[in-house]
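Asks:
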Amino acid sequence: MSANPYLCSCRLDTSFHTIRSTQSMHCSFYVGPFSTAAEMRRNQILISGKTVMPSLMLPTPIVLSLMLHSMMCSQPLRTEFHAKKLELSLTLILHQNIPMKLQFSIVALVLLGSTLSFCGLIVADLNSDQHALLEFASSVPHAPRLNWKNDSASICTSWVGVTCNSNGTRVVGLHLPGMGLTGTIPENSIGKLDALRVLSLHSNGLIGSLPSNVLSIPSLQFAYLQHNSFSGLIPSPVTPKLMTLDISFNSFSGTIPPAFQNLRRLTWLYLQNNSISGAIPDFNLPSLKHLNLSYNNLNGSIPNSIKAFPYTSFVGNALLCGPPLNHCSTISPSPSPSTDYEPLTPPATQNQNATHHKENFGLVTILALVIGVIAFISLIVVVFCLKKKKNSKSSGILKGKASCAGKTEVSKSFGSGVQGAEKNKLFFFEGSSHSFDLEDLLKASAEVLGKGSYGTAYKAVLEEGTTVVVKRLKEVVVGKKEFEQQLQIVGRIGNHPNVMPLRAYYYSKDEKLLVYNYMPGGSLFFLLHGNRGAGRSPLDWDSRVKILLGAARGIAFIHSEGGPKFSHGNIKSTNVLITQELDGCISDVGLPPLMNTPATMSRANGYRAPEVTDSKKISHKSDVYGFGVLLLEMLTGKTPLRYPGYEDVVDLPRWVRSVVREEWTAEVFDEELLRGQYVEEEMVQMLQIALACVAKGSDNRPRMDEVVRMLEEIKHPELKNHHRQSSHESDSNVQTPTP
1 MSANPYLCSC RLDTSFHTIR STQSMHCSFY VGPFSTAAEM RRNQILISGK
51 TVMPSLMLPT PIVLSLMLHS MMCSQPLRTE FHAKKLELSL TLILHQNIPM
101 KLQFSIVALV LLGSTLSFCG LIVADLNSDQ HALLEFASSV PHAPRLNWKN
151 DSASICTSWV GVTCNSNGTR VVGLHLPGMG LTGTIPENSI GKLDALRVLS
201 LHSNGLIGSL PSNVLSIPSL QFAYLQHNSF SGLIPSPVTP KLMTLDISFN
251 SFSGTIPPAF QNLRRLTWLY LQNNSISGAI PDFNLPSLKH LNLSYNNLNG
301 SIPNSIKAFP YTSFVGNALL CGPPLNHCST ISPSPSPSTD YEPLTPPATQ
351 NQNATHHKEN FGLVTILALV IGVIAFISLI VVVFCLKKKK NSKSSGILKG
401 KASCAGKTEV SKSFGSGVQG AEKNKLFFFE GSSHSFDLED LLKASAEVLG
451 KGSYGTAYKA VLEEGTTVVV KRLKEVVVGK KEFEQQLQIV GRIGNHPNVM
501 PLRAYYYSKD EKLLVYNYMP GGSLFFLLHG NRGAGRSPLD WDSRVKILLG
551 AARGIAFIHS EGGPKFSHGN IKSTNVLITQ ELDGCISDVG LPPLMNTPAT
601 MSRANGYRAP EVTDSKKISH KSDVYGFGVL LLEMLTGKTP LRYPGYEDVV
651 DLPRWVRSVV REEWTAEVFD EELLRGQYVE EEMVQMLQIA LACVAKGSDN
701 RPRMDEVVRM LEEIKHPELK NHHRQSSHES DSNVQTPTP
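Mapping to the UniProt record's numbering: the sequence shown position 621 is 621, numbers consecutive.
1) Relative to the C-alpha of K451, which candidate in N228, K474, E561 and V629 has its C-alpha closest?
2) Is the beta carbon of V545 closer than 8 Å to that of I714?
3) Starting from V461, follow its DSSP beta bridges and name the residues at the other end.
4) Does the structure place the segment 284-294 close enough to the segment 260-272 that three or more beta carbon pairs sit under 8 Å?
5) Quick one: give me the first and last residue of the beta strand (DSSP E) that S200 is part of.
6) Assuming Y454 and V470 make a contact with CB atoms under 8 Å, what is their CB distance in whole Å?
7) Just list the beta strand (DSSP E) runs in the segment 200-240, keeping only unbroken ones of 3 residues or longer that don't cross its boundaries, in chain order.
8) Pull up the distance between the alpha-carbon of P257 and that of S277, whole angstroms please.
9) Terminal residues of the continuous beta strand (DSSP E) containing F252?
10) Taking just the CA atoms, how far does N127 sit from P240?
11) How is the beta strand (DSSP E) around K512 delimited, first residue to last?
12) Check the DSSP bridge columns for G300 and list the partner residues they point to.
13) Could you check where the beta strand (DSSP E) with A552 kicks off and where it finishes?
14) My output table needs one value for I256: the three-state DSSP class, helix, strand or coil.
15) On the DSSP bridge assignment, give the partners of K715 in chain order.
16) Going straight from the alpha carbon of V468 to that of L462, what length do you get?
17) Is N250 closer than 8 Å to N213 when the C-beta atoms are compared?
18) Just checking my contact of L632 with P653 at CB under 8 Å: how many whole Å lie between their CB atoms?
19) Give me the residue from Y311, I586, S294 and D194 with the minimum Cα distance to W541.
20) If you draw a straight line from the C-alpha of G521 to the C-alpha of T255, how long is it?
21) Under 8 Å by Cβ, that's how I've got S537 and A195 pegged, so tell me the actual separation to the nearest angstrom.
22) Beta-carbon separation of A259 and S231 under 8 Å?
23) Quick one: what does DSSP say L291 is sitting in, helix, strand or coil?
24) Are the beta-carbon atoms belonging to I558 and H568 less than 8 Å from one another?
25) For C693 versus F627, is the C-beta spacing smaller than 8 Å?
26) Which first and last residues belong to the beta strand (DSSP E) in which H529 is found?
27) Kindly list the residues whose CB is nearer than 8 Å to the CB of residue 741, restricted to its own chain and excluding five residues on each side of it in sequence; keep chain order.
28) Could you give the C-beta distance for V140 and T182, rounded to a whole number, given that I count them as a contact under 8 Å?
29) One question on the structure: do A552 and M704 come within less than 8 Å of each other, judged by their Cβ atoms?
30) According to the Cβ coordinates, are L691 and V656 closer than 8 Å?
31) If you follow the alpha helix (DSSP H) that A690 is in, where does it begin and where does it stop?
32) Report the rounded CA-to-CA distance for S138 versus T163, giving the unit in angstroms.
33) Under the assumption that I234 contacts F252 (Cβ atoms under 8 Å), give the Cβ distance between them as a whole number of angstroms.
34) Measure how close the beta-carbons of S445 and S523 come, nearest whole angstrom, since I'm counting them as under 8 Å.
35) Looking at the structure shown, is H175 part of a helix, part of a strand, or coil, going by DSSP?
36) Start and end of the alpha helix (DSSP H) containing W655?
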């Protein structure tokens, strides 16, 4: 026998009490007799260990111990047993210099003692989870609906936000988004939930450092901590089982922990809008699909391992350089852009330039005083808005609010507007995943993304980690049959990489919901207009062309598949969403015919063709006009719509025509474009296409497929001859109109 300590792997048969050698890494005791093999497996006790032991007779004390174990436990003995004290005892006992029979006698006594307490371990584990949760609730102020009390009620069935495993033996999920949590998380609370798999505390008011033991919970897979006020360093170590980590929109500082490089299962990593500094580690994360490090203080070059992620994953780090960014800047970034699909209020900006030179001390002092005054005034405004909002009532299936400061806040619930009889009426389109149902949406946390022409968009995070966008429609004026017929067309048209697919919809008398995929890249509007000023990383020329070409292809596909009477009807930069590959994707397809006509028409007049006075007048050519305005917006950097905080609004077609008429063409181009790398000839060609699209007469505008062809020829002139051979007729329609 080897001198090294080891544990046995043993099995109790019904007829022969023998120990049989195995190469398993567990010590398996089976308590018999059993009528079937399945019954034997259900009553298995597993003890971690090693084995290299020959077959031996099993002494009676062990038989008695296991029989006692079986009789005393009310729970089936199928729990994996990790009693470190027992494992240590067995390890110390089983040595070469102890007689074998004496070894088994001692082992029997150890097992006998352990069985007296083993049945209580399940209850003890749940009790420890309960104590940890009560410690959290007693230390962290919260909303009244957090009904945790130290009473006889089961925490698995009656405690809000708590999810247990199927046996009801451990807490595996904690879902408390938007629960009004404030203050700091105690060290001896959430971090003690060592069976926790899902932690969702986003959209609260939690402050201070995140306890070091929270992200190191061994079983933790999903952590949603975004939209709080956490500060300090990002905790390390981090459990290697982590698949999703979202700590965006906090105040974390310091560097990205090197331990992140070992998270082989990590799929989502969102660190945007913090104060994280230093270089980005050379991530070797094979499972990583979604990454956002934008609007921090990161510096250096982007590692090769993550260069494939889009521009939007890194924007807002002024000292960061390398693909997909074009250059490094010496000016610090401006923080906290909203990722709204439509802007609610202007993104907050603040000067983060830091200096260590004594001669700038006076300037820093003045800036600090100014910022302090602004912060104080902002606090008063926020408090006033919150009090005003508190007095207003919200109704319907989705309830959310946008704060005065321009940041999104959590929707309190999905659930109030749908009754029991209607809860299974979520209609999925062919090809869409059925991984969730309406009940899952009702339980999900919802965060306001923005308010648009047709309603409010919410980002919904489902319990299993899936993220979708739910648009709650307002002012729908058609009946159910017409609503469903229109959406069937929309669902068919969504089968294109540049058209946002409609995954599902819900229709009832009081609520109409549309479910889309979530696109973290935001909208073209924000990339063009968000946080303009010092520290901004502008959208370069090639990226603008790529996005607009993708959007053009999407609109052309809508026209082709929808037929002559089906148009988009609401082309604008907030409806051009950005994919991970920095392509443009058209959203809000086919909705104008469903909506209240005067309301939707008045809100989009900056993009509206002159002939369109109501939704019945929209056409393919009016979509072309809207896309032409979109091209002008991209070229000039000016917005044709008035949004809060964006007051530089012009009638783009009229203004550009007047400038071109005076032969000052170069004056129309965005200054951010002129500071970067661009090709002036390409910009002039794009301007000519835009002016053709916004011709006052609809018959003078090109078709959308012709626009796509012309845009392709800008970057690939070699296509021009091929296109002319295949499409002679279309060339005659393309000319710069007379102002």
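Heads up, the beta-carbon is just placed ideally off N, CA and C, and yes, glycines get one too.
Replies: Once the coordinates are examined:
1) Working through the sequence shown from its first residue, we reach residue 451 at position 451. Per the Cα distances, K474.
2) The sequence position of residue 714 within the sequence shown is 714, counting from 1. The sequence position of residue 545 within the sequence shown is 545, counting from 1. Contact: yes.
3) To locate residue 461, count along the sequence shown from 1; it is residue 461. For V461, the beta-bridge partners assigned by DSSP are S445 and T467.
4) yes
5) In the sequence shown, residue 200 corresponds to position 200, counting from 1. Taken as a continuous stretch (DSSP letters only), the beta strand (DSSP E) holding S200 covers V198 to S200.
6) For the purposes of this step, residue 454 is taken as residue 454 along the sequence shown, with counting starting at 1. For the purposes of this step, residue 470 is taken as residue 470 along the sequence shown, with counting starting at 1. The Cβ separation is near 13 Å, so there is no contact.
7) 205-208, 222-224 and 229-233
8) Here residue 257 corresponds to residue number 257 of the sequence shown, with the count starting at 1. Here residue 277 corresponds to residue number 277 of the sequence shown, with the count starting at 1. So the two alpha carbons sit approximately 11 Å from each other.
9) Within the sequence shown, the letter at position 252 stands for residue 252. Counting along the chain, the beta strand (DSSP E) containing F252 begins and ends at S251 to S253.
10) The residue labelled residue 240 in the question sits at position 240 within the sequence shown. The residue labelled residue 127 in the question sits at position 127 within the sequence shown. About 26 Å.
11) For this step, residue 512 is matched to residue 512 along the sequence shown. Start and end: K512 to N517.
12) Locating residue 300 in the sequence shown gives position 300, counting from the first residue. Answer is L320.
13) In the sequence shown, counting from the first residue as 1, residue 552 sits at position 552. Note, A552: premise wrong, no beta strand (DSSP E); alpha helix (DSSP H) at W541 to G562.
14) Residue 256 sits at position 256 when you count from the first residue of the sequence shown. Looking at I256 - three-state DSSP - the assignment turns out to be coil, as it is neither helix nor strand.
15) Stepping through the sequence shown from its first residue, residue 715 is reached at position 715. None, per the DSSP bridge assignment.
16) Translated into positions along the sequence shown, residue 468 becomes position 468. Translated into positions along the sequence shown, residue 462 becomes position 462. Taking the straight line joining both Cα atoms gives about 8 Å.
17) Position 213 of the sequence shown, counted from the start, is the residue given in the question as residue 213. Position 250 of the sequence shown, counted from the start, is the residue given in the question as residue 250. No. Outside cutoff.
18) Here the question's residue 632 lines up with position 632 in the sequence shown. Here the question's residue 653 lines up with position 653 in the sequence shown. Between P653 and L632 the Cβ distance is about 7 Å, and since that is below 8 Å, they are a contact.
19) Here residue 541 refers to the residue found at position 541 when the sequence shown is read from its first residue. Nearest C-alpha to W541: Y311.
20) Your numbering for residue 521 matches position 521 in the sequence shown. Your numbering for residue 255 matches position 255 in the sequence shown. About 24 Å.
21) Here the question's residue 537 lines up with position 537 in the sequence shown. Here the question's residue 195 lines up with position 195 in the sequence shown. Not confirmed; about 43 Å, so no contact.
22) By 1-based counting over the sequence shown, the position of residue 259 is 259. By 1-based counting over the sequence shown, the position of residue 231 is 231. Contact: no.
23) Taking the sequence shown and counting its residues from 1, the one referred to as residue 291 is at position 291. For L291, the secondary structure class from DSSP, reduced to helix, strand or coil, is strand.
24) For the purposes of this step, residue 558 is taken as residue 558 along the sequence shown, with counting starting at 1. For the purposes of this step, residue 568 is taken as residue 568 along the sequence shown, with counting starting at 1. Taking 8 Å as the Cβ cut-off, I558 and H568 qualify as a contacting pair.
25) Translated into the one-based positions of the sequence shown, residue 693 becomes position 693. Translated into the one-based positions of the sequence shown, residue 627 becomes position 627. Yes; because the gap between Cβ atoms is below 8 Å, this pair is in contact.
26) On the sequence shown, position 529 is the one that residue 529 refers to. Premise fails: H529 lies in the alpha helix (DSSP H), L524 to H529, not in any beta strand (DSSP E).
27) The displayed coordinates of the chain run from 1 to 739. Any statement about residue 741 would go beyond what the structure contains.
28) For this step, residue 140 is matched to residue 140 along the sequence shown. For this step, residue 182 is matched to residue 182 along the sequence shown. About 7 Å; that satisfies the 8 Å criterion.
29) To locate residue 552, count along the sequence shown from 1; it is residue 552. To locate residue 704, count along the sequence shown from 1; it is residue 704. Going by C-beta atoms, A552 is nearer than 8 Å to M704.
30) Locating residue 691 in the sequence shown gives position 691, counting from the first residue. Locating residue 656 in the sequence shown gives position 656, counting from the first residue. Yes; because the gap between Cβ atoms is below 8 Å, this pair is in contact.
31) The count along the sequence shown starts at 1 and reaches residue 690 at position 690. For A690, the enclosing alpha helix (DSSP H) starts and ends at E680 to C693.
32) What you label residue 138 is simply residue 138 of the sequence shown in a count that begins at 1. What you label residue 163 is simply residue 163 of the sequence shown in a count that begins at 1. Computed Cα separation, rounded: 19 Å.
33) Counting from one through the sequence shown, the residue named residue 234 turns up at place 234. Counting from one through the sequence shown, the residue named residue 252 turns up at place 252. Between I234 and F252 the beta-carbon gap is near 5 Å, inside 8 Å, which marks them as a contact.
34) In the sequence shown, the residue the question calls residue 445 occupies position 445. In the sequence shown, the residue the question calls residue 523 occupies position 523. No, S445 and S523 are not in contact; Cβ-Cβ is about 22 Å, not under 8 Å.
35) Counted from its first residue, the sequence shown places residue 175 at position 175. Strand.
36) Taking the sequence shown and counting its residues from 1, one reaches residue 655 at position 655. L652 to R661 is the extent of the alpha helix (DSSP H) around W655.
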